[in-house]
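Chemist: Let me give you the structure first, and then I'll get to my questions.
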Amino acid sequence: MQLSTINEISQSRDIVDSFGGYNHNVKIADGEFYDMKNLTSANYPVLSPRGKRGIYEYPYSGEHNPNGLIEKDSLCYVDGNYLYVNEYKIEGLILTDSPKQLISMGAYIIIMPDKKYINTKDLTDYGDIEASYTSSSTVSYEMCSIDGQIYEGATVSPTEPSNPEHMDYWIDTSSTPHSLKQYSSTSGLWVQIPTCYVRISAPSIAAPFKQYDGVKISGIDSSITQLKDLEGQTSVLWEVHHDEDGNGAGDYIVVVGFLDMLKSQEASITIERRMPNLDFIIESENRLWGCRYGEDINGNVVNEIYASKLGDFKNWNCFMGLATDSYTASCGTDGQWTGAITHLGYPLFFKENFLHKVYGNYPSNFQIKTTACRGVSKGAGKSLAIVNETLFYKSRNGVCSYDGSLPSEISSVFGDIHYSGVDESAGADPLRNGAVAVSFQNKYYISMKSEKDELWYLFSFDTSLGMWHKEDNTRVDDFCSCNGELYFIDHESKEIKTMMGTGIQDDETIEWMAETGALGTDMPDKKYISRLLIRMSMAIGAVAKFYIQYDSQGWWSQIAAINGTTLRSFSFPIRPKRCDHFKLRIVGYGECKIYSISKTIEQGSDMY
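Whatever position you read off the sequence shown (first residue = 1), add 106 for this note's numbering.
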């Protein structure tokens, strides 16, 4: 008798023991995850949840409203109306209770938009970048030398004096404009002095200023016609004399100008050292740089890039023809400025569709090169961060990396979900209405809003592995990396928190989730997955639940749940039903590590 033969079903095994990151596309590789929550690449290639975070321990009690963070020798931050340096409150420096840009320049912190500063090495050295003086008594004007010495006995006439002596002065009024000349007995000629100066004297006029400040002078009496060119214009203070008695009675300043004779006025004059209104501000090569689109401090509409005087963040209008001068340049590209940063030694200024890069090292050779490319998204100016010499930022359509040539997108893994750089509910405030990012330990962290569900998400991009991981719904107002810890301001709780868990550690158990892509769609014929084996370890008290979705039906069925009772690793088998394809979702609470997922694949036919 002949017996029929049953063919053995062909089986094979596929093991995934290296887990990638987030990839929200229709077709993804084994080891990648279509969705996730609170996972990290810290233990790569092992799949694991992130560590616990912490809350910064304030040195004082009460309500908190952090407005900005910056790293110096220690964490410095603005809480409400005050700046704290190394946990010390700067009592005399009163700030507005609003979001800040904090810029480091040497030992100084520049606080914007308040236009204030503080020296972190001398906490008594703080104040306003801008300065102003308004006279309250008689103001006198006299022609003088560059150091403020009055030209005593100068002859004022249209004809040259007779019998002059060596070094005598003559104010020649025979032509307009008048000129100042000095007699040389050696040559027997009157030699014209090319640059003339005017000394402006008034009680305490020198108190707010220092030599070579660039100031605006207004209020000069219209009857003093020879000084009309000074009215409302910027002048350099070539000499600033403070009264030796300290009462200010003998104070004076010296500016370029010409005057035939002593003049005075009782009406007030105003002298101001001013800083431009800036949308964004950075430090580069011992200068502060900034940009402005809109009305400037004079009410004029501008589209400009500015630089402060070399080594002097208080002076933005000092033009002496030197390499240390301030700098201003108009730009022809349209649109608002969206961000600024210093990268590889060059100041970079972004608009949504343009990148402006400043070359040169002093004003006479500064050049601005404009590149039409994907710029920073409107509202995402705080998404700029440099990780290992590469610049990352949020553009209108995704996250870009820039190495100095052209930007390239690195966020294709977000799939059909578009993340916005703007929170419209925050209005036009560029410091609190969009994506925020930071560089920390080879990673780029970014907090941004999904336009699909209007929720905020915190992502990390591991630059060494090229992997994205989605953490949670934390909305960040500001980041700061300092002394091996990553600090951030939580938008909801208004607390300074820590990413690495220093301070008061979060006692809540971390909930995490990993959802695979469709398993089985890459197999020809009627192959199917008959068994899954997951090798993992769990801490005591940890929980892991396993859900499965068959053939994209849209609902999830729980197929298993395990609790961590001992700190050990084990293998956990799952037997899915026979189907065309399925997805696996693992939801966990607490510490867990997944080392591998193996699939047993059985060979079918064209029909079964």
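The beta carbon of each residue, even a glycine, is placed where N, CA and C say it ideally should be. As the structure is a computational prediction, the values presented were derived from the model and not from experiment.
#1: Could you say which of N589, H597, C588 and E708 lies nearest to R581 if we only look at CA atoms?
#2: Just mark N173 as buried or exposed, buried being the case when its beta carbon has 16 or more other beta carbons within 10 Å.
#3: According to DSSP, A308 sits in a beta bridge with which residue or residues?
#4: Just confirm the distance between the C-beta atoms of E271 and W296, as a whole number of angstroms; I'd bet it's less than 8 Å.
#5: Just list the residues that DSSP pairs P679 with in beta bridges.
#6: Determine whether the beta carbon atoms of I323 and I277 lie at a separation below 7 Å.
#7: Using a Cβ-Cβ cutoff of less than 8 Å, which residues in the same chain neighbour N187 once the five nearest sequence positions on both sides are dropped?
#8: Got a sec? Which residues, its chain only, sit under 7 Å from S432 by beta carbon, not counting five neighbours each side?
#9: Would you mind sorting I595 into buried or exposed? The rule is 16 or more other CB atoms within 10 Å of its CB.
#10: How long is the line joining the alpha carbons of P151 and T569, rounded to whole angstroms?
#11: CB-CB under 7 Å to A135, same chain, minus the five flanking residues each way: which ones, in chain order?
#12: Express the C-alpha separation of I474 and S124 in angstroms, rounding to a whole number.
#13: I'd like to confirm the pairing. Which residues does DSSP put opposite M619 in its beta bridges?
#14: Anyone know if the C-beta pair for A666 and F652 falls short of 7 Å?
#15: Within 10 Å of its beta-carbon, does F419 have 16 or more other beta-carbons around it, so buried, or fewer, so exposed?
#16: Quick one: give me the first and last residue of the beta strand (DSSP E) that N494 is part of.
#17: Tell whether a beta-carbon distance below 7 Å holds between G670 and W618.
#18: Would you mind listing the alpha helix (DSSP H) stretches within the region 509-596 that are 4+ residues and don't spill past its ends, in chain order?
#19: State the Cα-Cα distance for the pair D686 and M605, rounded to the nearest angstrom.
#20: Taking 6 Å as the limit between beta carbons, can you name the residues of its chain near I77, skipping five residues before and five after?
#21: Counting Cβ pairs, one atom from each stretch, are 3 or more of them under 8 Å apart for the region 351-364 and the region 307-317?
#22: Report buried or exposed for Y194, applying the criterion of at least 16 other Cβ atoms within 10 angstroms of its Cβ.
#23: Checking 7 Å against the spacing of the C-beta atoms, do S175 and D584 come in under that value?
#24: Grouping DSSP H, G and I as helix and E and B as strand, with all else coil, what is Q207?
#25: Is the separation between the beta-carbon of S514 and that of S507 shorter than 7 Å?
#26: Does DSSP classify D440 as helix, strand or coil?
#27: S243 to R379, Cα distance in whole Å?
Modeler: Put simply:
#1: H597
#2: buried
#3: BP columns for A308 are empty, so no partner.
#4: Their Cβ separation, rounded to whole angstroms, is 12 Å, which puts E271 and W296 out of contact at 8 Å.
#5: L639
#6: no
#7: I200, L201, T202 and D203
#8: G320, A413, S414, K415, N421, W422, N423, C424 and F425
#9: Buried, because 16 or more other Cβ atoms sit within 10 Å of the Cβ of I595.
#10: 15 Å
#11: Excluding positions up to five away in sequence, the list reads G126.
#12: 46 Å
#13: DSSP output for M619 lists K143 and V693 as bridge partner(s).
#14: yes
#15: buried
#16: Careful: N494 lies outside any beta strand (DSSP E) and carries neither H nor E.
#17: no
#18: You should have found no qualifying run.
#19: 42 Å
#20: Since the first residue of the chain shown is 107 and the last is 714, residue 77 is not available in this structure.
#21: yes
#22: exposed
#23: Checking the displayed sequence, the identity of residue 175 turns out to be Leu instead of Ser. The answer is yes: Cβ separation under 7 Å.
#24: strand
#25: yes
#26: Shown here, D440 sits in coil according to DSSP, grouped into three states, outside any helix or strand.
#27: 21 Å
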